[in-house]
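FYI, the UniProt record's numbering numbers position 121 of the sequence shown as 121, with every residue one higher than the one before it.
We put the beta carbon where it would ideally sit given N, CA and C, even for glycine.
Report on the structure given below.
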Amino acid sequence: MKKTIFYLIIILSSITFSQEFFVKKELSTRFFPVSVAVDKFENAYVVDGITHSVKKFNSKGKYLFSFGIKQTGGKNYKEGGVYPSPVDLFVKGNKVYLLDTNNGIYIFDLKGKLLKEIDLKAGKLLGEIERPKAIYVSDKKIYIADTDNNRVEIFNLEGEAIRDFGYKSVTVGGMIQPQGITKLNGDIIVSDSGNNRVMIYDENGIFKGSLYGKSKELDLSYKAPLDIFADTAGEIFVVDNGNQRIQVFNKNYKILLLFGERGDKPTQFRDANDIWVTDNYIYVTDGANKSVKVFNKDFTYIRSIGKNVFQDIFISTLLILTSIFIVVSILIKRVTARRRKWKEEE
Numbered sequence: 001m002k003k004t005i006f007y008l009i010i011i012l013s014s015i016t017f018s019q020e021f022f023v024k025k026e027l028s029t030r031f032f033p034v035s036v037a038v039d040k041f042e043n044a045y046v047v048d049g050i051t052h053s054v055k056k057f058n059s060k061g062k063y064l065f066s067f068g069i070k071q072t073g074g075k076n077y078k079e080g081g082v083y084p085s086p087v088d089l090f091v092k093g094n095k096v097y098l099l100d101t102n103n104g105i106y107i108f109d110l111k112g113k114l115l116k117e118i119d120l121k122a123g124k125l126l127g128e129i130e131r132p133k134a135i136y137v138s139d140k141k142i143y144i145a146d147t148d149n150n151r152v153e154i155f156n157l158e159g160e161a162i163r164d165f166g167y168k169s170v171t172v173g174g175m176i177q178p179q180g181i182t183k184l185n186g187d188i189i190v191s192d193s194g195n196n197r198v199m200i201y202d203e204n205g206i207f208k209g210s211l212y213g214k215s216k217e218l219d220l221s222y223k224a225p226l227d228i229f230a231d232t233a234g235e236i237f238v239v240d241n242g243n244q245r246i247q248v249f250n251k252n253y254k255i256l257l258l259f260g261e262r263g264d265k266p267t268q269f270r271d272a273n274d275i276w277v278t279d280n281y282i283y284v285t286d287g288a289n290k291s292v293k294v295f296n297k298d299f300t301y302i303r304s305i306g307k308n309v310f311q312d313i314f315i316s317t318l319l320i321l322t323s324i325f326i327v328v329s330i331l332i333k334r335v336t337a338r339r340r341k342w343k344e345e346e
């Protein structure tokens, strides 16, 4: 009977999670932020495009730990191998939804423990995906920008496909390479990156209009808009990657302000690609600058997550080595002094 129970436990555990996950505190100094999401405690979760993992930082930007899916199996994913390729993540309540362009969706708790995996096969049918780039999670549904299929797919929280909308076209209602998605007032807002525009749809995928600003003095046209985020106040933030700036709109879809330009200064970007906004702060991933930049809601610069961490590691290591050198020097001096004393006594 005990053997039967033992084997049953093994079988059930293998069914529950077919993938292995990891949590580790060691920090790799290689860092290329791809996506960012923030929990209610202002802890930031950052997808690292180099280590293919999620790095968690506290509200002060201090590194806590990394987590993700282990690379396992065959020579490549077509032969049964698991090659993690996380591209976006979304924090909802106490869960982190990690979108993997190769394997589907992984759901973790805030400590990095794998809770559930939603396997999404490659293909063009409903429920299948081709290199998706963005995920949004509501109370009841999961929305995915199915990038290479030029559409949006909607799933329930169990991962069952409900509907899709969109098709490859430059015409109204069509989209090319969508790479950002959010919701506001029941509308689904999509960054239609290939067409350099942001489109608004209702819950059924019916086209309602476009999100764009008007100005006689400024050029407000998009160049490859990527991520898009609607905060609790109803303001919409669009990462205008080609222009290296953020465009902000109010809940009535009217332009409020532009922020950012190309460069290496704290208020500039070289590869702005993802954004998350809380009640207090704005987080923007800047890949080429290898950091996540944190601003107040008025875009006053606060800190950079990533760069400061690695600088702190370097400084800490330097201090440790300096301390060791000082201790060794003192010991050498003491040994030398004793030897001299012994010789004098002889």
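DSSP puts P86 in a beta bridge; with which residues?
The residue you call residue 86 lines up with position 86 of the sequence shown. Bridge partners of P86: D100.
If you compare alpha carbons, which of F41, N58 and P86 is closest to P33?
If you number the sequence shown from 1, residue 33 lands on position 33. Of the candidates F41, N58 and P86, P86 places its Cα closest to the Cα of P33.
In angstroms with no decimal places, state the Cα-to-Cα distance between G242 and Y222.
Position 242 of the sequence shown, counted from the first residue, corresponds to residue 242. Position 222 of the sequence shown, counted from the first residue, corresponds to residue 222. As the crow flies, the alpha-carbon of G242 is around 7 Å from that of Y222.
When you compare each of T285, P266, A272 and T278 to Y301 by their alpha carbons, which one comes out closest?
Stepping through the sequence shown from its first residue, residue 301 is reached at position 301. The candidate whose alpha carbon is nearest that of Y301 is P266.
Among D231, E128 and F57, which one has its Cα closest to the Cα of I118?
Here residue 118 is taken as the residue at index 118 of the sequence shown, counted from 1. I118 has its Cα closest to that of E128, out of D231, E128 and F57.
Pick out whichever of Q247, F295, F65 and K55 has its Cα sitting closest to the Cα of L218.
As a position in the sequence shown, residue 218 is number 218, starting the count at 1. Nearest option by C-alpha distance: Q247.
Quick check on DSSP: helix, strand or coil for T147?
The count along the sequence shown starts at 1 and reaches residue 147 at position 147. The answer is helix: DSSP assigns T147 an H, G or I state.
Going by alpha carbons, who is nearest to S193 out of F41, D227 and L125?
For the purposes of this step, residue 193 is taken as the residue at position 193 of the sequence shown. That would be D227, whose Cα lies nearest to the Cα of S193.
Got a sec, what are the start and stop residues for the beta strand (DSSP E) N289 sits in?
Numbered from its first residue, the sequence shown carries residue 289 at position 289. That residue, N289, is in no beta strand (DSSP E); it is neither H nor E in DSSP.
If you run the structure through DSSP and keep just helix, strand and coil, what is S35?
As a first step, residue 35 is located in the sequence shown; it is residue number 35 there, counting from the start. Strand, per DSSP.
Which two residues bound the contiguous beta strand (DSSP E) that contains N273?
One-based indexing of the sequence shown puts residue 273 at position 273. Counting along the chain, the beta strand (DSSP E) containing N273 begins and ends at A272 to V277.
Cut-off 7 Å between Cβ atoms - residues of its own chain near K208, not counting five sequence neighbours on either side:
As a first step, residue 208 is located in the sequence shown; it is residue number 208 there, counting from the start. Same-chain partners within the cutoff: D187, I200, Y201 and D202.
Would Y45 and L99 qualify as a contact pair, given that the criterion is a beta-carbon distance under 7 Å?
In the sequence shown, residue 45 corresponds to position 45, counting from 1. In the sequence shown, residue 99 corresponds to position 99, counting from 1. No, they are not a contact pair.
Can you tell me whether L126 is buried or exposed, with buried defined as 16 or more other CB within 10 angstroms of its CB?
Translated into the one-based positions of the sequence shown, residue 126 becomes position 126. That one is exposed.
Across which residues does DSSP place P132 in a beta bridge pair?
Numbered from its first residue, the sequence shown carries residue 132 at position 132. Here P132 is not bridged, per DSSP, to any residue.
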